[in-house]
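When the sequence shown is numbered by full-length UniProt numbering, its final residue is 181 and no position is left out of the sequence of numbers.
Note that the Cβ used here is the ideal one computed from N, Cα and C, for glycine as well.
Below: the structure, in structure tokens.
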Amino acid sequence: MTRMAVVLAMALSLGPVPIGIASPVPPITTPPLELPVPLVRQTRERCGQAALEMVLRYYAAASAALREGELAYDPTLRGSLITDLAAAARRAGFDAEVVALSADSLVAALVAGVPPILLYQNGRAPLTVPHFGVVTRWDAARDEFTLNDGRATPRVMSRDELTKRWRTAGSRALLVRRRLP
């Protein structure tokens, strides 16, 4: 018997629940969805490189592949373009595409085992800067995403906060996947 059938049978056997008394049937919740993406501390102006390295380490890339991200750094920009990070991932032997996504698409990527690299605005307005982070977790019950963003600990943001910060940077994401043979 499925869990839903058991819950339904229990509820029906209890009869009507008087107003003001909580139902004894516990709510069915979905556990948070999390990918084991390792944390990599970023060095100055290297949030893009750290984000790409986290994703490549998640896929257990060879050490030579991990070094490709550094080639995406542009000293004139004092950072990296998302397209240059995608090119670095391809040179490292992975499929990579830059896409515009929705928050629901981020959840779908996590379900598929693909940790998205996001370009979002970091800091307090009006002094925000573009920043890269890797979405590693979705908690539907709390309506929160967790990002590895180059700090020592992951950053938790509400869906609304992340969407707002990400939208101002174009809602773009870098999706890196293992290359199919």
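#1: Since Thr128 is in the beta strand (DSSP E), which residue starts that stretch and which ends it?
#2: CA-CA distance, Thr136 and Thr76?
#3: Using CA atoms only, rank isn't needed, just tell me which of Thr168, Leu101, Ser105, Ala92 is closest to Thr126.
#4: Give me, in chain order, the residues of the same chain whose beta-carbon lies closer than 6 Å to that of Trp166; leave out the 5 immediate sequence neighbours on both sides.
#5: So, for Gly123: in the same chain, excluding its five sequence neighbours on each side, which residues have a beta-carbon less than 7 Å away from its beta-carbon?
#6: Excluding five sequence neighbours on each side, which residues of the same chain lie with their C-beta closer than 7 Å to the C-beta of Asp143?
#7: Within the continuous alpha helix (DSSP H) that includes Asp149, where are the two ends?
#8: What's the C-alpha gap between Arg172 and Arg67?
#9: Keeping to the same chain, check which residues put their C-beta closer than 6 Å to that of Thr163; ignore five residues upstream and five downstream.
So, from the data block:
#1: For the purposes of this step, residue 128 is taken as the residue at position 128 of the sequence shown. Premise fails: Thr128 is in no beta strand (DSSP E) and is neither H nor E.
#2: As a working note, residue 136 is residue 136 in the sequence shown. As a working note, residue 76 is residue 76 in the sequence shown. Taking the straight line from one Cα to the other gives about 30 Å.
#3: Translated into the one-based positions of the sequence shown, residue 126 becomes position 126. The displayed chain sequence assigns Pro, not Thr, to residue 126. Out of Thr168, Leu101, Ser105, Ala92, Thr168 has the C-alpha closest to the C-alpha of Pro126.
#4: Start at 1 with the first residue of the sequence shown, and residue 166 comes out as number 166. Leu118, Tyr120.
#5: Sequence index remark: in the sequence shown, residue 123 carries index 123 (1-based). The answer, listed in chain order, is Val129.
#6: Position 143 of the sequence shown, counting from 1, holds the residue named residue 143. Answer for Asp143: Ser158, Arg159, listed in chain order.
#7: For this step, residue 149 is matched to residue 149 along the sequence shown. Taken as a continuous stretch (DSSP letters only), Asp149 belongs to no alpha helix (DSSP H), as it is neither H nor E.
#8: The count along the sequence shown starts at 1 and reaches residue 172 at position 172. The count along the sequence shown starts at 1 and reaches residue 67 at position 67. The alpha-carbon of Arg172 is positioned some 24 Å away from that of Arg67.
#9: On the sequence shown, position 163 is the one that residue 163 refers to. Correct list, in chain order: Ala103.
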